[in-house]
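K.L.:
Sequence lines, in order, name chains A and B.
For my numbering, count along the first sequence from 1 and bump the result up by 4.
For my numbering, count along the second sequence from 1 and bump the result up by 4.
Each residue gets a CB set at the ideal place from its N, CA and C atoms; glycine is no exception.
2 protein chains.
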Amino acid sequence: MAKDFTKRAEDYSKWYNDLVVKADLAENSGVRGCMVIKPYGFAIWEKMQAELDKMFKATGHVNAYFPLFIPKSYLSKEADHVEGFAKECAVVTHYRLKNSEDGKGVEVDPKAKLEEELIVRPTSETIIWDTYKGWIQSYRDLPILVNQWANVVRWEMRTRLFLRTAEFLWQEGHTAHATRKEAIQETEQMINIYATFAEKFMAMPVIQGLKSANERFAGALETYCIEALMQDGKALQAGTSHFLGQNFAKAFDVKFANKEGNLEYVWATSWGVSTRLMGALIMTHSDDNGLVLPPKLAPFQVVIVPIYKGEEQLAQISEEALKIKADLEDKGVSVKFDKRDTHKPGWKFAEYEFKGVPVRIAIGPRDLENGTVEVARRDTLEKETLQVSDLGNKISNLLEQIQENLYQKAATFRDDNTHHANNWEDFKELIANDAGFVYAHWDGTSETEQKIKEETKATIRCIPINNKLKKGSCIYSGNSSTQKVLFAKSY
Amino acid sequence: MAKDFTKRAEDYSKWYNDLVVKADLAENSGVRGCMVIKPYGFAIWEKMQAELDKMFKATGHVNAYFPLFIPKSYLSKEADHVEGFAKECAVVTHYRLKNSEDGKGVEVDPKAKLEEELIVRPTSETIIWDTYKGWIQSYRDLPILVNQWANVVRWEMRTRLFLRTAEFLWQEGHTAHATRKEAIQETEQMINIYATFAEKFMAMPVIQGLKSANERFAGALETYCIEALMQDGKALQAGTSHFLGQNFAKAFDVKFANKEGNLEYVWATSWGVSTRLMGALIMTHSDDNGLVLPPKLAPFQVVIVPIYKGEEQLAQISEEALKIKADLEDKGVSVKFDKRDTHKPGWKFAEYEFKGVPVRIAIGPRDLENGTVEVARRDTLEKETLQVSDLGNKISNLLEQIQENLYQKAATFRDDNTHHANNWEDFKELIANDAGFVYAHWDGTSETEQKIKEETKATIRCIPINNKLKKGSCIYSGNSSTQKVLFAKSY
Numbered sequence: 005m006a007k008d009f010t011k012r013a014e015d016y017s018k019w020y021n022d023l024v025v026k027a028d029l030a031e032n033s034g035v036r037g038c039m040v041i042k043p044y045g046f047a048i049w050e051k052m053q054a055e056l057d058k059m060f061k062a063t064g065h066v067n068a069y070f071p072l073f074i075p076k077s078y079l080s081k082e083a084d085h086v087e088g089f090a091k092e093c094a095v096v097t098h099y100r101l102k103n104s105e106d107g108k109g110v111e112v113d114p115k116a117k118l119e120e121e122l123i124v125r126p127t128s129e130t131i132i133w134d135t136y137k138g139w140i141q142s143y144r145d146l147p148i149l150v151n152q153w154a155n156v157v158r159w160e161m162r163t164r165l166f167l168r169t170a171e172f173l174w175q176e177g178h179t180a181h182a183t184r185k186e187a188i189q190e191t192e193q194m195i196n197i198y199a200t201f202a203e204k205f206m207a208m209p210v211i212q213g214l215k216s217a218n219e220r221f222a223g224a225l226e227t228y229c230i231e232a233l234m235q236d237g238k239a240l241q242a243g244t245s246h247f248l249g250q251n252f253a254k255a256f257d258v259k260f261a262n263k264e265g266n267l268e269y270v271w272a273t274s275w276g277v278s279t280r281l282m283g284a285l286i287m288t289h290s291d292d293n294g295l296v297l298p299p300k301l302a303p304f305q306v307v308i309v310p311i312y313k314g315e316e317q318l319a320q321i322s323e324e325a326l327k328i329k330a331d332l333e334d335k336g337v338s339v340k341f342d343k344r345d346t347h348k349p350g351w352k353f354a355e356y357e358f359k360g361v362p363v364r365i366a367i368g369p370r371d372l373e374n375g376t377v378e379v380a381r382r383d384t385l386e387k388e389t390l391q392v393s394d395l396g397n398k399i400s401n402l403l404e405q406i407q408e409n410l411y412q413k414a415a416t417f418r419d420d421n422t423h424h425a426n427n428w429e430d431f432k433e434l435i436a437n438d439a440g441f442v443y444a445h446w447d448g449t450s451e452t453e454q455k456i457k458e459e460t461k462a463t464i465r466c467i468p469i470n471n472k473l474k475k476g477s478c479i480y481s482g483n484s485s486t487q488k489v490l491f492a493k494s495y
Numbered sequence: 005m006a007k008d009f010t011k012r013a014e015d016y017s018k019w020y021n022d023l024v025v026k027a028d029l030a031e032n033s034g035v036r037g038c039m040v041i042k043p044y045g046f047a048i049w050e051k052m053q054a055e056l057d058k059m060f061k062a063t064g065h066v067n068a069y070f071p072l073f074i075p076k077s078y079l080s081k082e083a084d085h086v087e088g089f090a091k092e093c094a095v096v097t098h099y100r101l102k103n104s105e106d107g108k109g110v111e112v113d114p115k116a117k118l119e120e121e122l123i124v125r126p127t128s129e130t131i132i133w134d135t136y137k138g139w140i141q142s143y144r145d146l147p148i149l150v151n152q153w154a155n156v157v158r159w160e161m162r163t164r165l166f167l168r169t170a171e172f173l174w175q176e177g178h179t180a181h182a183t184r185k186e187a188i189q190e191t192e193q194m195i196n197i198y199a200t201f202a203e204k205f206m207a208m209p210v211i212q213g214l215k216s217a218n219e220r221f222a223g224a225l226e227t228y229c230i231e232a233l234m235q236d237g238k239a240l241q242a243g244t245s246h247f248l249g250q251n252f253a254k255a256f257d258v259k260f261a262n263k264e265g266n267l268e269y270v271w272a273t274s275w276g277v278s279t280r281l282m283g284a285l286i287m288t289h290s291d292d293n294g295l296v297l298p299p300k301l302a303p304f305q306v307v308i309v310p311i312y313k314g315e316e317q318l319a320q321i322s323e324e325a326l327k328i329k330a331d332l333e334d335k336g337v338s339v340k341f342d343k344r345d346t347h348k349p350g351w352k353f354a355e356y357e358f359k360g361v362p363v364r365i366a367i368g369p370r371d372l373e374n375g376t377v378e379v380a381r382r383d384t385l386e387k388e389t390l391q392v393s394d395l396g397n398k399i400s401n402l403l404e405q406i407q408e409n410l411y412q413k414a415a416t417f418r419d420d421n422t423h424h425a426n427n428w429e430d431f432k433e434l435i436a437n438d439a440g441f442v443y444a445h446w447d448g449t450s451e452t453e454q455k456i457k458e459e460t461k462a463t464i465r466c467i468p469i470n471n472k473l474k475k476g477s478c479i480y481s482g483n484s485s486t487q488k489v490l491f492a493k494s495y
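1. Would you say Cys38 of chain A reaches chain B, if we count a Cβ-Cβ gap shorter than 8 Å as a contact?
2. Quick test of the definition: if touching needs 3 or more C-beta pairs under 8 Å, does the segment 90 to 97 of chain A touch the segment 27 to 42 of chain A?
3. So who's on the other strand from Val111 of chain B, going by DSSP bridges?
4. Output the distance between the C-alpha atoms of Glu31 of chain B and Val24 of chain B, rounded to the nearest integer angstrom.
5. If we call anything under 8 Å between Cβ atoms a contact, is Ser450 of chain B one with Asn218 of chain B?
6. So with Cβ pairs under 8 Å, would you call Asn266 of chain A a contact of chain B?
7. Quick check on the DSSP output: what are the complete alpha helix (DSSP H) runs of length 4 or more inside the segment 354 to 422 of chain A, in order along the chain?
8. Just reading off the alpha helix (DSSP H) that Thr273 of chain B is part of, what are its end residues?
9. Is there at least one Cβ from chain A nearer than 8 Å to His98 of chain B's Cβ?
10. From this set, A:Thr179, A:Arg100, A:Tyr143, A:Val35, which residue's C-alpha is nearest Thr169 of chain A's C-alpha?
11. Counting only runs that start and end within the segment 164 to 249 of chain A, where is the beta strand (DSSP E) found for 3 or more residues in a row?
12. What are the start and end residues of each continuous alpha helix (DSSP H) run of 4 or more residues lying completely inside the segment 17 to 102 of chain B, in chain order?
13. Report yes or no: is there a C-beta of chain A within less than 8 Å of the C-beta of Gly223 of chain B?
14. Report the option in B:Lys18, B:Lys327, B:Ser338, B:Asn266 whose CA atom is closest to the CA atom of Leu165 of chain B.
15. Would you mind reading off the limits of the beta strand (DSSP E) that contains Thr135 of chain A?
16. Taking only beta-carbon positions, decide if Asn67 of chain A is within less than 8 Å of chain C.
17. Do you know offhand how far Arg12 of chain B's Cα is from Leu267 of chain A's?
18. Is the CB of Thr244 of chain A under 8 Å away from at least one CB in chain B?
19. What residues of chain A sit near Pro75 of chain B, judged by a beta carbon separation below 8 Å?
20. If you follow the alpha helix (DSSP H) that Ile328 of chain A is part of, which residue opens it and which one closes it?
21. If contacts are defined as beta-carbon pairs under 8 Å, then Gln317 of chain A and Pro369 of chain A qualify, I think. What distance do you get, rounded to the angstrom?
22. What number of angstroms, rounded off, separates the C-alpha of Ala354 of chain A from the C-alpha of Lys359 of chain B?
23. Count the C-beta pairs between the segment 413 to 429 of chain B and the segment 171 to 189 of chain B that are closer than 8 Å, then say yes if the count reaches three, no if not.
24. Taking 7 Å as the cut-off, is the beta-carbon of Ala330 of chain B closer than that to any non-hydrogen atom of the ligand SAH?
25. Could you tell me the boundaries of the beta strand (DSSP E) in which Phe441 of chain A lies?
26. To which residues of the same chain is Glu404 of chain B closer than 7 Å at the C-beta, ignoring the five residues directly before and after it?
27. For a contact meaning CB atoms closer than 7 Å, what does Lys42 of chain A contact in chain B?
28. Between the alpha carbons of Asp8 of chain B and Glu386 of chain B, how many angstroms are there, rounded?
29. Taking 7 Å as the limit between beta carbons, can you name the residues of its chain near Glu87 of chain A, skipping five residues before and five after?
30. Flag Cys478 of chain B as yes if its beta-carbon sits less than 8 Å from any beta-carbon of chain A, otherwise no.
31. For Asp134 of chain A, go through chain B and note every residue whose CB falls closer than 9 Å to its CB, in chain order.
32. Show which residues of chain A have a CB atom less than 8 Å away from the CB atom of Val124 of chain B.
33. Look at the alpha carbon of Ala62 of chain A and the alpha carbon of Gly336 of chain A, and state the distance between them as a whole number of angstroms.
34. Could you pull out every residue in the same chain whose Cβ sits closer than 7 Å to the Cβ of Tyr142 of chain A, ignoring the five residues on either side in sequence?
35. Straight-line CA distance for Glu453 of chain B to His424 of chain B?
36. Thinking Ala444 of chain A and Lys488 of chain A are a contact (beta carbons under 8 Å), I'd like their distance in whole angstroms, please.
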């Protein structure tokens, strides 16, 4: 499997695409730009969903569901928003097909034209704030802390599996608050949750920060983000949380009576992560042997492969394997026992290595005699022989070690590939060499940011939240700057 | 809340709609025919999803995700399928909007017309079988046991919240098998799972059976269904499982090499339940006082309401309430403690009764002295005073009793409203009076079924699976019949 597999150093982009397809994560469909998420890939996404959903609910959020379609006129109500989203959307214009006159197939029935076109949601602020208008009268109705798991569509011209697809899956939180302060707290709380999820479950270190005006969500006053560094030196935006101010409340006329009985516009946030996280996960940990998964998100954490000749040996080994499986499951470890007779052990070893299963246990006849198993870990490819006694605890500990090792490895990579540029020449050279994150002084203007982007393809990934303020001069314009910001080329 | 609430006997349809809206389950959106599922309603759907998903996985199924859009040409590949679904679908024809020339809003950009129109999936057989073609080469690749949780769109002209909406949420299983026998077993297994779910979790008795040819899924050789009886004497189809034969394999040219190396077409099934189950749940149990929920699907099973004067009393009662809450949660009971000071106890009692919370616990100062609480059950509206000691077990038992009582009540209603018509006059009268399920002999022809439908609006709900064969003559045509089948007017 790994033999006709492109190496990262040869062609990183091809390596990524081959990996996604060959590890059975996703594939392109017959619909341009839309992917099929295959069962193995979807199982990882389900684990992400389950953990995130738990974190949302633990902070008081509830789920709901809003329409897939947005009337065209809704999009126009918030000026920045329509600029950002109208340019790349799927438009429903008709509601019926009819048999073709030539008798071959079906065609759009011109009589079934919609009076107002419907847009397949690229994001749901407009339809949700149109709904919230009916839900909010008084301060007693606030806050509203709602999340939605949904599919959305943005008509991207160049698509890549998980990273940029016309349709993708995501969650979008949309909250309504009585005060500016509370809305900002919510925005910050959610970016913190995303950062915790990325680091604790994805084993992916991230930098939290604010977007510059150029990179803000269309309709937001502030966009908070988490940024991760991929192995090719490019940044990937892994989650965003927007403080929307009163923009959508004003666009949809949503006011509440405060405790004094006066009407005020409601304050809003929205925040989301998507199946793009799958791309981030893959690119953070995987290697030239295939996928590497952190144990906390692996569809199964351990695979047991029997090595046997004949039915009788298989029966003996199976008995032992099922005991081990039960012991591991008692410890909360998920296990697959693969005793298929259609494939040889060597084939299975290659398969599970390629699919990133964190731990492989092999049991042969000699192991049975000795009360041992062979344990291989995917992250380091190390093997060791372990006694079966107390294997449940040993494997639990090993999984924790792997989770921690993956995080540390990624953090070290990130730190090794983070630079400071003190002048324009250094900056250009670092960016041209895909050297990773580059901190540099910036004069704070959109014009400068735009010019840097045009000349180097690098953008400001964020203004890190814990940044130290330190005066300097902008690497591009030479004008004064209050702090360094984080630049990189990005996905 | 219940005071301006329509009674069932006055106007059943209005009762239903009022209930859905006033109990915060769902509401109509600004998009024609599309609903907003509100948090309280969505929490019930999430419980349904969780239980069904567990049952699917326990029988070897895995989840995946396929595109929202289906190219127009795909729909045409299976002749019956396109007839069934092309007539009411949302058609995407363009992929961009542009600023209007009058400067007001946005309009479809005529330059961004798709070469081939895309249909928003009304069901996914075609896109999935187009995908399976790439997944299946040999018998080793079979079976494929995949499920998808998704939104679908069917452009219905008359819509009703949950029961019939343009967009709805559902799951659709799509399986591929090497043999006809295995596919039929799968079809039957899944309708059994739906029946078990309906009876065990929804407390809703159902009749399993086969659809007549007229009522079959477009593209299926057999459609199995579960049918439930609503309180107004109408039937509701609550789930279907289709044996698709080799129709889709032939349409999309999906063959596999069997063990002997010969190529054969693959056998298929598909099966689904949708947010329509929410309508079935509501109409099966609710009453003139509002929603009634079976404990196994209630967002929270118990609500604790404190009755107090002043902060100090509230503090004392809260302490006791939180102990009770912890005790109940230890027993696996979900509890909400509502100590909001913005609403009075009487208002809260009315609210939770209307929202169908199975058990309400009230605690006042005298209860504190006596070590008691007042427990009210929603199904019978009975109240009793219970000692706090061992309350966890008592409430657990009570919830089981309520679940069982709801099932029995619904089963009794169903049995009381099931009739046998031995001639056409009796049949017409029973149907005209909305008398419920009517068993009657039928000659087995589509023509007769069609005429009965035209004259009475009744359709064959199913040919029950456990039907006894017994000869007779068709109530309509007088021709010979091998068995009685189940008729009713339906949703």
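P.N.:
If we stick to the structure as given:
1. Answer yes: the Cβ-Cβ gap between Cys38 of chain A and chain B drops below 8 Å somewhere.
2. Of all C-beta pairs linking the segment 90 to 97 of chain A to the segment 27 to 42 of chain A, fewer than three are shorter than 8 Å, placing the two stretches out of contact.
3. Rather than Val, the amino acid found at residue 111 of chain B in this sequence is Glu. According to DSSP, Glu111 of chain B bridges with B:Lys102.
4. A straight-line Cα-Cα distance of about 7 Å links Glu31 of chain B and Val24 of chain B.
5. For Ser450 of chain B and Asn218 of chain B, yes; Cβs fall inside 8 Å.
6. Not one chain B Cβ lies under 8 Å of Asn266 of chain A.
7. Taking only runs of at least 4 residues, the alpha helix (DSSP H) segments lying wholly in the segment 354 to 422 of chain A are 369 to 374, 395 to 420.
8. Per DSSP, Thr273 of chain B is not a residue of any alpha helix (DSSP H); the beta strand (DSSP E) it occupies stretches across 271 to 278.
9. Answer yes: the Cβ-Cβ gap between His98 of chain B and chain A drops below 8 Å somewhere.
10. That would be A:Val35, whose Cα lies nearest to the Cα of Thr169 of chain A.
11. As far as the segment 164 to 249 of chain A is concerned, its whole beta strand (DSSP E) runs of at least 3 residues are 171 to 181, 211 to 214, 226 to 233, 239 to 249.
12. The DSSP assignment places complete alpha helix (DSSP H) segments of no fewer than 4 residues inside the segment 17 to 102 of chain B at 43 to 62, 76 to 79, 83 to 89, in order along the chain.
13. No, its Cβ sits nowhere closer than 8 Å to a Cβ of chain A.
14. Of the listed residues, the one whose Cα sits closest to Leu165 of chain B is B:Lys18.
15. Thr135 of chain A: not part of any beta strand (DSSP E); member of the alpha helix (DSSP H) spanning 129 to 139, first to last residue.
16. This model lacks chain C altogether; the protein chains it does include are A and B.
17. Cα-Cα distance, rounded: 39 Å.
18. Chain B contact via Cβ: absent.
19. Chain A residues near Pro75 of chain B: Gly34, Val35.
20. First-last of the alpha helix (DSSP H) with Ile328 of chain A: 314 to 334.
21. Right, their Cβ atoms sit about 6 Å apart.
22. When rounded, the separation of the alpha-carbon atoms in Ala354 of chain A and Lys359 of chain B is 55 Å.
23. Pairwise C-beta distances place the segment 413 to 429 of chain B out of contact with the segment 171 to 189 of chain B, as fewer than three of them are shorter than 8 Å.
24. Of ligands this structure carries none, so the ligand SAH is not represented either.
25. Per DSSP, Phe441 of chain A is one residue of the beta strand (DSSP E) stretching across 441 to 445.
26. Result list for Glu404 of chain B: empty, nothing under 7 Å.
27. Counting only Cβ-Cβ distances below 7 Å, Lys42 of chain A has contacts in chain B at Ala68, in chain order.
28. Here the C-alpha atom of Asp8 of chain B lies approximately 23 Å from the C-alpha atom of Glu386 of chain B.
29. Within the same chain, Glu87 of chain A has close Cβ partners Ala222.
30. Not closer than 8 Å to any Cβ of chain A, the Cβ of Cys478 of chain B fails to qualify, so no.
31. Under the 9 Å cutoff, chain B gives Ser33, Gly34.
32. Chain order gives the chain A residues near Val124 of chain B as Leu72, Val96, Val124, where near means a beta carbon separation below 8 Å.
33. One C-alpha to the other measures close to 22 Å.
34. Per the sequence shown, the amino acid found at residue 142 of chain A is Ser instead of Tyr. Contacts found: Phe260, Ala261.
35. Straight-line Cα distance between these residues: approximately 17 Å.
36. Between Lys488 of chain A and Ala444 of chain A the Cβ distance is about 6 Å, and since that is below 8 Å, they are a contact.
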